[in-house]
Amino acid sequence: MGLLSRQPSDADLMAGIRADGTQRRLCENKLYIKYQYLIAEGTRKHRALTEDECASAYSDTMLSAFESISVGRFEERSELKTYLYQIFMNKCVDAIRKKTTNRSSVHDTFSLDDSLMQLPDESRSVVQKLIAQSNLEKLHQHLRELGEKCRAMILAMGEGYSDEEIAQTMGYNSAAVAKTSRLRCLEKLRERFS
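Every position in the sequence shown, counted from 1, becomes a number in our numbering once 346 is added.
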């Protein structure tokens, strides 16, 4: 394939993503970087979103695309660039909807904290400790179920390590690849909690 000697085509990158191991991670990283300009385009087009929100939508887009490519859901009826652009713009619109929905529902919520405040002090602290302990036990259980690599990555993130440091420690090619893997792990964790 000669991915190091020339700029790989989308077809080369997709073939690499369908492979396993180091080749896949290298191709995911190259594809992630190749279309990273979409973040600036999303920020320009959707003024309601910050650059970080567009970057998050882009990461979600790439995770979705990597999955679609690897399992054969992307049927190549359009160019990969068009496919990614459409997914990304849809994710941006979803982010805008989520922001506006969250803003409008802020006043309609009934929070657990409000309920706890109605309890006597000693009962409140017991209930808070039980909730915290239960959530912590669930978190540890779900982290064990994710596997050692995801668990180590999420714990490193929780301790404040940057994607660059995680990439170096865990042997990823770049911070972008580490971030993509970290987001995959977080998504798996989120799915287990819901």
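Heads up, the beta-carbon is just placed ideally off N, CA and C, and yes, glycines get one too.
Predicted model, so just to flag it, every value in this text is computed and none were measured.
Buried or exposed: residue i, going by 16 or more other Cβ atoms within 10 Å of its Cβ?
i	result
VAL523	buried
LYS437	buried
ILE363	buried
LYS427	exposed
GLU374	buried
SER355	exposed
ARG371	buried
According to DSSP, is residue i part of a helix, a strand, or is it coil?
i	result
TYR383	coil
ASN519	coil
PHE420	coil
GLY493	coil
GLU505	coil
GLU394	Strictly speaking, residue 394 in this sequence is Ala, with Glu absent from that position. DSSP places ALA394 in coil when its eight states are reduced to three.
GLY367	coil
GLN487	helix
GLN353	coil
GLU425	coil
What distance in whole Å lies between the Cβ atoms of residue j and residue i, which are believed to be in contact at a cut-off of 8 angstroms?
i	j	result
LEU500	LEU535	One point to set straight first is that residue 500 is Ile, not Leu, in the sequence displayed. Going by Cβ atoms, the distance from ILE500 to LEU535 rounds to 7 angstroms, so yes, they are a contact pair.
ILE442	ALA394	5 angstroms
ALA498	ASP509	Rounded, the Cβ-Cβ distance is 14 angstroms, inconsistent with contact.
GLU491	ARG538	7 angstroms
THR526	MET408	6 angstroms
TYR429	LEU384	With 8 angstroms as the limit, TYR429 and LEU384 do not qualify as a contact, their Cβ atoms being about 12 angstroms apart.
CYS400	GLY388	4 angstroms
Span of the alpha helix (DSSP H) holding residue i?
i	result
LEU359	356-364
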